[in-house]
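Chemist: One structure, pasted below without further comment.
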Amino acid sequence: MYTDRYQMPRDQLPRGPAYLMHVLTVYKHSRPDHFQENLRVSPTTFDRVVSTIENDPVFSNNSQNAQIPVEIQLAITLYRFGHYGNAAGLQQVANWAGVAKGTVELVTRRVITAILHPTFLRTAVCYPTPDEKEKAKVWVEKHSCRAWRGGWCLVDSTLVPLYDRPFWYGESYFDRKCNYSLNIQTY
1040 MYTDRYQMPR DQLPRGPAYL MHVLTVYKHS RPDHFQENLR VSPTTFDRVV
1090 STIENDPVFS NNSQNAQIPV EIQLAITLYR FGHYGNAAGL QQVANWAGVA
1140 KGTVELVTRR VITAILHPTF LRTAVCYPTP DEKEKAKVWV EKHSCRAWRG
1190 GWCLVDSTLV PLYDRPFWYG ESYFDRKCNY SLNIQTY
């Protein structure tokens, strides 16, 4: 009987050691530059975000099984958001973190829920003051189209790259850097 020596049952796929714990235990304290390469934030910013979101109800449950620590959930999410293309694939992030692909999706959903909570947004997102808005309007009037001066004053923040072209209205997500992305803006 022919058997393929490279094929094994799905539930028996061995995992290598997770790099995540090395980032959180070694790089965070001794090599903050490498920590920032992996998670795209400084260790100080990371700790502040953890302390701000750790009491969000999304991180608690009434189960016998405790959730993964918030620090690890945030690290997985930041690693995923800080990469694009193949490196942002669920399997690649799961391999880096030493968890299953479903866990990557679950913790990402939890972290997004926590950072979109109004309490977090009030403390972490600084909207422009009326004076800053007026300065921006003056700049737009001087350097761009005068007709836009009295309209909405959008402040461009950051691009969040998407893995692939969205199915619905995909061309709308194509950005100036030739990637598909979401553009976070405040007004």
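Sequence positions in the sequence shown follow the numbering used here and run 1040 to 1226.
Note that the Cβ used here is the ideal one computed from N, Cα and C, for glycine as well.
This one's a predicted model, so the numbers in the text were calculated from it and none came from an experiment.
1. Give me the residue from N1104, V1143, F1098 with the minimum Cα distance to H1156.
2. Which of the three DSSP states is assigned to V1199 in this structure?
3. By how many angstroms is the C-alpha of L1129 removed from the C-alpha of F1206?
4. How many Å lie between N1104 and K1216 at the Cα?
5. Looking at C-beta atoms only, is the number of pairs between the segment 1108 to 1125 and the segment 1135 to 1145 that lie closer than 8 Å three or more?
6. What does N1222 pair with, by DSSP beta-bridge criteria?
7. Which ranges does the alpha helix (DSSP H) cover as unbroken runs of at least 4 residues, wholly within the segment 1115 to 1143, from first to last along the chain?
8. Is it buried or exposed for I1151, if we count other Cβ within 10 angstroms and need 16 for buried?
9. Might you give, ordered along the chain, the residues of its own chain that have their beta carbon closer than 7 Å to the beta carbon of F1213, omitting 5 neighbours on each side?
10. Per DSSP, what are the beta-bridge partners of F1213 in this structure?
Modeler: Answer, in terms of the structure:
1. F1098
2. strand
3. Our two residues, F1206 and L1129, have alpha carbons roughly 19 Å apart in a direct line.
4. 44 Å
5. yes
6. L1198
7. Within the segment 1115 to 1143, the complete alpha helix (DSSP H) runs of at least 4 residues are 1129 to 1136.
8. exposed
9. Y1219
10. Y1219
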